[in-house]
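Working notes for the structure below.
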Amino acid sequence: MHWPTLGKNLLRILLTVGLVCGIAAAFLVLNPSSQDGGVGVESSQADVLWMTPFERTNTQKFAGALQDLGHEPPRAYNLNGNDVYFSTRTSHKSPELLLEEYQRAFVEHGLNSRMWMQSTDQFSRLRGSEAHKKRYAERSEAAINGEILPAVVNNDYMSMTGMVFDKGDAEGETSERAIEMIDQIEQTTEKLSKLYAQCGGDPELVDKAAASLQQPPTGKKLGKAMSKRSSCDGGGPKVCSEWRVRLKAAQTELKAYTVAISEQPELRTCAALRSMDKDTAEKIATDFIERVEGYRSIEAFRDRQSGQTVVTASWSDEEFDMKAVLPDRYEHEGQTDGPVPACESCRQAFNFAGSGGESPYSSNEFWSQESVDRVAVDYIQTLAAEGWELRDGEPIMQQLYGRMDAPAGVGKYLRFARGNKHITLHVRPDREHGRTAVTAFTSN
9 MHWPTLGKNL LRILLTVGLV CGIAAAFLVL NPSSQDGGVG VESSQADVLW MTPFERTNTQ
69 KFAGALQDLG HEPPRAYNLN GNDVYFSTRT SHKSPELLLE EYQRAFVEHG LNSRMWMQST
129 DQFSRLRGSE AHKKRYAERS EAAINGEILP AVVNNDYMSM TGMVFDKGDA EGETSERAIE
189 MIDQIEQTTE KLSKLYAQCG GDPELVDKAA ASLQQPPTGK KLGKAMSKRS SCDGGGPKVC
249 SEWRVRLKAA QTELKAYTVA ISEQPELRTC AALRSMDKDT AEKIATDFIE RVEGYRSIEA
309 FRDRQSGQTV VTASWSDEEF DMKAVLPDRY EHEGQTDGPV PACESCRQAF NFAGSGGESP
369 YSSNEFWSQE SVDRVAVDYI QTLAAEGWEL RDGEPIMQQL YGRMDAPAGV GKYLRFARGN
429 KHITLHVRPD REHGRTAVTA FTSN
């Protein structure tokens with residue numbers, strides 16, 4: 009079955025990660041002195057990130073690898089209430105060579121189980137082959153375990169991403185989670201069987217697929233995890249056995265239907281099954297988002313003129329709330345986070361702000377249903393009333409978007425000054441969503 013909505017949700021998550029790296033690079037335009045490492049988190053904060061005498065967390069392993077790779081001390085920022093960090097370095101090596109260097113460091117620090125040298129786009133070209141199936145399983149397990157995998161790699165650019173997930177109980181899923189999982193699979197299968205019949209699916213193909221299927225890997229892993237708990241949370245071995253039998257039966261039946269559907273391409277046009285695709289994908293995406301506890305991202309850009317490669321690393325702690333950084337889930341009406349006021353018709357989509365020595369620097373996004381001209385006038389009037397003087401904002405905004413490797417696009421550029429503080433606005437049409445978007449940067 010094809011779940012396009014799930015892909016879009018995961019893409020938005022990766023775009024959020026990329027957003028942090030892009031903003032981090034843009035702040036170097038607003039605060040050039042930070043490029044020499046003169047502004048960062050307090051040394052005590054850096055020590056917490058770089059080292060610990062106890063068993064290191066995924067975050068500490070990642071930060072430790074960056075330190076060994078020559079990154080500057082981390083800078084601390086806040087993204088919609090989440091603590092995030094970024095750190096940069098420069099190198100004469102190409103992004104392709106840096107991939108090997110970083111992957112080796114991740115293995116040495118216990119973050120990765122092996123060096124992952126194949127990017128996602130290269131891996132995708134193997135789709136349908138036996139090699140693809142094997143590597144897909146390996147990469148999926150690595151991703152769930154919080155390893156850092158390359159996404160795009162070429163001679164001028166390289167990116168890697170990773171997520172930290174809540175895996176539940178240290179010895180495996182608890183009985184409550186196991187029962188919930190089995191119930192969900194059984195409910196999904198029951199619904200699918202009715203829609204399959206409604207769409208005219210061949211029942212013999214389901215029976216044939218079920219007869220040839222073996223227990224899926226997930227069932228084996230869960231069964232093994234539950235067997236570690238001798239009492240199975242007080243239920244005893246009989247209950248454990250019943251869980252495993254239910255799980256195997258439910259997964260086999262569900263897989264049989266998906267195999268049968270794949271052999272009948274015409275069923276994919278059936279509205280009932282397409283509707284289930286969407287509902288199931290949304291639930292999977294929601295479950296995925298709720299289990300994310302942290303992210304890690306590496307981006308490397310090579311300047312052909314200078315021959316230097318700039319590497320930007322961005323990561324969070326392990327209390328990261330993914331829901332808060334997905335703009336359509338971040339409902340923040342009225343009073344805003346950050347120093348930039350929302351216009352009368354605006355709502356805030358995100359706030360990315362510095363802390364400590366970098367507290368003057370922030371990036372904010374607002375959305376409005378009013379026109380670009382109306383929103384621009386509202387901001388001019390609102391900020392003028394608070395003592396801000398209007399300046400030409402286009403030159404600095406072009407530099408900012410250049411740093412983020414993004415087109416500045418159309419719209420109005422406004423820059424305001426009050427003493428040594430500045431607010432730079434880009435008010436532009438968001439035609440895809442039928443609204444006006446406002447990006448606001450603050451700086452000294």
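For the sequence shown, the tail end lands on 452 under the working numbering, and the numbers increase by one without skipping.
Just so you know, even glycine gets a beta-carbon here, dropped at the ideal spot from N, CA and C.
Computed from a predicted structure; not experimentally measured.
Can you tell me whether residue i is helix, strand or coil according to DSSP?
i: LEU77; result: coil
i: LYS202; result: helix
i: MET125; result: coil
i: TYR265; result: helix
i: SER41; result: Confidence is the limiting factor: at SER41 the pLDDT is only 40, short of 50, which leaves the residue's position unreliable, though a coordinate-based value still follows. Three-state DSSP puts SER41 in a helix.
i: TYR144; result: helix
i: GLU373; result: strand
i: GLN192; result: helix
i: GLN389; result: helix
i: GLU155; result: coil
i: LEU398; result: strand
i: GLY72; result: helix
i: ALA150; result: helix
i: GLY364; result: helix
How many Å lie between residue i and residue j at the Cα?
i: SER370; j: ASN86; result: 9 Å
i: HIS441; j: ARG64; result: 43 Å
i: PHE449; j: THR169; result: 26 Å
i: ARG83; j: PHE94; result: 5 Å
i: THR260; j: VAL318; result: 49 Å
i: GLU298; j: VAL115; result: 27 Å
i: SER51; j: CYS351; result: Reliability of the predicted coordinates at SER51 is poor, the pLDDT of 38 falling under 50, and the value obtained from them is presented with this limitation in mind. Looking at the two C-alpha atoms, the distance is approximately 38 Å.
i: LEU74; j: ALA280; result: 49 Å
i: ASN162; j: LEU200; result: 43 Å
i: MET307; j: ASP164; result: Position check: residue 307 holds Glu in this sequence, whereas Met was assumed. If I take the Cα positions, the gap works out to 11 Å.
i: GLN313; j: VAL267; result: 53 Å
i: ALA218; j: LEU334; result: 39 Å
i: ASN90; j: GLU155; result: 21 Å
i: SER283; j: GLU271; result: 19 Å
i: ARG436; j: GLU301; result: 33 Å
i: PHE424; j: LYS69; result: 42 Å
i: LEU422; j: TYR303; result: 33 Å
i: GLU146; j: ARG399; result: 54 Å
i: ASN359; j: ASP329; result: 14 Å
i: ASP76; j: LYS331; result: 32 Å
i: PHE173; j: GLU366; result: 29 Å
Starting from residue i, follow its DSSP beta bridges and name the residues at the other end.
i: MET166; result: VAL161 and ALA308
i: PRO437; result: THR444
i: VAL300; result: PHE173
i: THR320; result: THR96 and GLU307
i: SER451; result: HIS430
i: ALA280; result: Partner(s): none; ALA280 has no beta bridge.
i: ASP91; result: ASN86
i: PHE328; result: Note: PHE328 sits in no beta bridge, so no partner.
i: TYR421; result: HIS434
i: ALA219; result: Looking at the DSSP assignment, ALA219 forms no beta bridge with any residue, so it has no partner.
Is it right to say residue i is buried, meaning 16 or more other beta carbons lie within 10 angstroms of its own, or is it exposed?
i: SER451; result: buried
i: VAL418; result: exposed
i: LYS420; result: buried
i: PRO415; result: Here PRO415 scores only 47 on pLDDT, less than 50, and its place in the model is too uncertain to base an answer on.
i: ASP381; result: exposed
i: PRO273; result: exposed
i: CYS240; result: Because CYS240 carries a pLDDT of 48, less than 50, the predicted location of this residue cannot be relied on, and no value is offered for it.
i: HIS100; result: exposed
i: GLU394; result: exposed
i: LEU433; result: buried
i: GLY118; result: exposed
i: GLU397; result: exposed
i: ASN428; result: exposed
So which of the options has the shortest CA-CA distance to residue i?
i: ALA445; options: HIS430, GLU373, VAL385 and GLU397; result: GLU373
i: LEU391; options: LEU213, LYS420, ASP325 and ILE431; result: ILE431
i: ASN153; options: TYR144, SER220 and MET171; result: MET171
i: GLN130; options: LYS199, ARG122 and ARG143; result: ARG143
i: ARG276; options: GLN206, TRP323, VAL253 and GLU307; result: GLN206
i: CYS354; options: GLY362, GLY365 and ALA384; result: ALA384
i: SER305; options: ARG426, THR96 and ARG436; result: THR96
i: VAL160; options: LEU77, ASP191 and PHE309; result: PHE309
i: GLY209; options: GLN68, TRP375 and ILE269; result: ILE269
i: VAL253; options: HIS117, SER121, GLU194 and LEU105; result: GLU194
i: VAL92; options: ARG439, SER376 and GLU327; result: GLU327
i: SER376; options: ASN88, LYS202, ASP438 and THR128; result: ASP438
i: ASP215; options: ASP191, THR196, ALA257 and GLN192; result: ALA257
i: LYS2; options: PRO347, CYS278 and GLY72; result: No answer is possible for residue 2: the residues shown for the chain start at 9 and end at 452.
i: PRO347; options: LEU157, GLU109 and THR447; result: THR447
i: SER167; options: GLU378, THR128 and ASP191; result: THR128
Using a C-beta cutoff of 8 Å, does residue i count as contacting chain C?
i: THR169; result: The chain inventory of the structure shown lacks chain C, comprising one protein chain alone.
Is residue i a contact residue of the ligand GDP, with contact defined as CB to any heavy atom under 7 Å?
i: VAL300; result: This structure lacks the ligand GDP, and indeed carries no ligand of any kind.
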